[in-house]
Structure formats: C-alpha cells, structure tokens
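Remarks on the structure that follows.
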Amino acid sequence: MSSEPQRWMLASMGRKAHVPPRLQRGPFTVDEARHAGLNRWHLEGASWTRIGPSTYLWAGLSGEPMHQLVAAKRRLPSGAAFSGLTAAWLHGIDVVPCNPIEATVCEDAGVSARAGIAVRRSALSKADVVQVRGMPATSIVRTLGEVCARLSLVEAVVIADAALHDRRVKLHQLVAWAGANAGRRGARNLRRVLALVEPATESPMETRLRMVLVLGGLPRPKAQVSIHDRWRRFVGRPDLYYEQHRLGIEYDGGFHRDALAEDNR
44 MSSEPQRWML
54 ASMGRKAHVP
64 PRLQRGPFTV
74 DEARHAGLNR
84 WHLEGASWTR
94 IGPSTYLWAG
104 LSGEPMHQLV
114 AAKRRLPSGA
124 AFSGLTAAWL
134 HGIDVVPCNP
144 IEATVCEDAG
154 VSARAGIAVR
164 RSALSKADVV
174 QVRGMPATSI
184 VRTLGEVCAR
194 LSLVEAVVIA
204 DAALHDRRVK
214 LHQLVAWAGA
224 NAGRRGARNL
234 RRVLALVEPA
244 TESPMETRLR
254 MVLVLGGLPR
264 PKAQVSIHDR
274 WRRFVGRPDL
284 YYEQHRLGIE
294 YDGGFHRDAL
304 AEDNR
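Under our numbering, the letters of the sequence shown match residues 44 to 308, in that order.
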C-alpha cells in the first residue's frame, strides 16, 4: 500500500500546488506550515524553497534578500546584529548581502555557527547597533569601518565612495572611527581607503577607473567637474578631469560593451 506522502504526490501530479495565503507573506517554519494545513512532505515540492533548518519560503518570494534575512534573524540570539556586507546592503549600499549572510554576536553569546550565516564574535555597544528596515544592523560607520578594513583596497574605496556620495555617512565620521579603532586588524587598509575616497564619484566603475590611474602612478584626477568655455558656457562634466592638462576622462559602459561585441565578431 502506498504511504500517505506517496498517495499525496500521485494525487497532486498535474495539479497546481495549494499555497496557503498565510505562507505567501514570508519565511515560515515547519510547525507554521502544519498549522496552515501542510505536512513536511508538501514542502518538498517546487512551490517551496528551503532557506534554513526547518525554515521555508514560498517560491514566489525566492530571490528577495530581505526574506532570507528575516529567516536568519530568527536563528540569531537576542542582541545580535547583521554586519559586514549584509549590513551595508541594509544601509542602502549596492552589494551582495547574502553570500553569506553576515552577523555579529556579543563575545559572551552562547551561539555556535549557523548554516548559511557567517557569525563573528565582537563587543557590541548600544551605539554600534541600529534598526535599519526593521532589522538590527551595525551602524553605518562601524559597518563601513569593518568592511573597508577587510576588502581589497579598490573594492573598499568603491563602497566608501558610494556611501559618501549618497550621504549615508560623512567623511569626518569615518575618520573619527578609524582613529578610535587604530588597533583593530585592517586599520592600516582603512586609513588608505579614507585617503583615496572621492564623494563626488557617481558610479562604482568611475571609482575603479580612478583607482587604476592612481595606483598606476598618475596624479589623482578630480571627479565630476563642470567645464565651461571662455564665454562661461557649459561644455561638459567628465567623470574624471586633469585640470592642468585640460584632459577629461569618461568611463562609458555602453561604449565598452559595444567595443567588446565588435571585437568578438
């Protein structure tokens, strides 16, 4: 005789899976699925995505980082905060937030590693933790301080430029944090980042282009300078500008894509 799961699978072949409305709102546990009328084997179908131990998500919501963070929050102890690139994303910086999810717990927290979550232990003061989009996260200053200290120099400057350009943080705040945390691992890299940032930069690729020039030994160009002719008429605003040489440089993403396509023919 077929088992109950087998009978259900045979009966449901060719039918659209039943998705209880309460399970379409976000992550849920196996117990919550049972209360909604489903059993564990129902969750093995294509309509559901497992995003953690005994935690699932309706496939119609898959791919949304916030749902993964909601599920991760349930698995973290009280007082924990999302940190690193996860916190940077919560603060509005365009980075990948869930590969893996990063979180910091207090040094005395009785918590072990969590699958899919990179857990770090560190002191967390009240000033270090803020609520962002309904989630606990390290403050923007601490987040950038820690991220810039461990990323490559170029990518750290990319993130710092973006945060400063969007006015999510002020340069003097980062300088103060760097001074107060001079003994931390990566502090030297952070100081280099702060010496190279340019808040006027409008895109990550502009930052990378500027860093290619600077790290290649060329003088540091100005960014997003409005140029006028001798009659004070606006001429243009290049991404980068060497005023002494009257040389403007543009990073043109469309041009590079077209050139690459032409080269591949």
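Note that beta-carbon positions come from the ideal geometry of N, C-alpha and C, so glycine has one too.
Exercise for the section: Would you list the one or two residues that DSSP bridges to proline 179? Expected result: When beta bridges are read from the DSSP output, proline 179 appears opposite Gln174.
What span of residues does the beta strand (DSSP E) with threonine 98 cover, start to end? Threonine 98 -> beta strand (DSSP E) spans 98-101.
- Same chain, Cβ closer than 6 Å to leucine 194, neighbours up to 5 away in sequence not counted: Apart from sequence neighbours up to five positions away, no residue of its chain approaches leucine 194 with a beta-carbon distance below 6 Å.
Three-state secondary structure (DSSP) at isoleucine 160? Judged by DSSP in its simplified three-state form, isoleucine 160 adopts strand.
Cα-Cα separation between histidine 61 and leucine 252, rounded to whole angstroms
Approximately 51 Å between the Cα atoms of the pair.
_CA-to-CA distance, alanine 161 to histidine 288, given in whole angstroms_ = Distance between the alpha carbons of histidine 288 and alanine 161 is about 48 Å.
Exercise for review: Quick one: grab the DSSP three-state call for arginine 276.
Suggested key: DSSP places arginine 276 outside both helix and strand once states are collapsed to three, so it counts as coil.
| field | leucine 283: first and last residue of the uninterrupted alpha helix (DSSP H) it sits in | value | No alpha helix (DSSP H) contains leucine 283, which is instead part of the beta strand (DSSP E) from 283-285.
Less than 8 Å separating the beta-carbons of valine 200 and valine 240? Taking 8 Å as the cut-off, the beta carbon of valine 200 is found closer than this to the beta carbon of valine 240.
If distances are taken between C-alpha atoms only, which option among His271, Val212, Asp204 comes closest to alanine 238?
Nearest C-alpha to alanine 238: Asp204.
message: In chain order, what are the residue ranges of uninterrupted alpha helix (DSSP H) at least 4 long that sit wholly in the region 184-235?
response: Counting only runs of 4 or more, we get 196-208, 214-223.
TODO: Could you say which of Arg231, Ile292, Ile144 lies nearest to threonine 250 if we only look at CA atoms?
DONE: Comparing alpha carbon positions, the residue from Arg231, Ile292, Ile144 closest to threonine 250 is Ile292.
* Asked: If you draw a straight line from the C-alpha of alanine 302 to the C-alpha of tyrosine 294, how long is it?
  -> At alanine 302, the pLDDT of 42 sits below 50, so the modelled position is not reliable; the number obtained from the coordinates is stated separately. Within the model, the alpha-carbon separation for alanine 302 versus tyrosine 294 is close to 13 Å.
For serine 258, report the span of its alpha helix (DSSP H) as first-last. Looking at the sequence itself, residue 258 is leucine, so the reference to serine does not match. For leucine 258, the uninterrupted alpha helix (DSSP H) segment begins and ends at 247-258.
- [ ] Just list the alpha helix (DSSP H) runs in the region 103-141, keeping only unbroken ones of 4 residues or longer that don't cross its boundaries, in chain order.
- [x] Restricted to the region 103-141, the alpha helix (DSSP H) segments that are unbroken, complete and at least 4 residues in length are 108-117, 127-133, listed in chain order.
Notebook entry, point to check: For alanine 266, does the three-state DSSP call read helix, strand or coil?
Noted result: Here alanine 266 sits in strand by DSSP.
Q. Which residue comes first and which comes last in the beta strand (DSSP E) that contains valine 148?
A. 144-148 is the span of the beta strand (DSSP E), which, as asked, contains valine 148.
Next on the checklist: Cutting at 8 Å between CB atoms, please list the residues of its own chain near alanine 152, excluding the five before and the five after it.
Outcome noted: Around alanine 152: Pro120, Gly122, Ala123, Arg164.
Can you tell me whether leucine 16 is helix, strand or coil according to DSSP?
Given that the chain is displayed from residue 44 to residue 308, the structure contains no residue 16 and the question cannot be resolved.
Margin query: Distance cutoff 8 Å, beta carbons only. Does lysine 116 sit that close to anything in chain B?
Written below: Structure shown: chain B not included; a single protein chain is present.
Q. In this structure, what does DSSP give as the bridge partners for threonine 92?
A. The partner list for threonine 92 (beta bridge, DSSP) reads Leu100.
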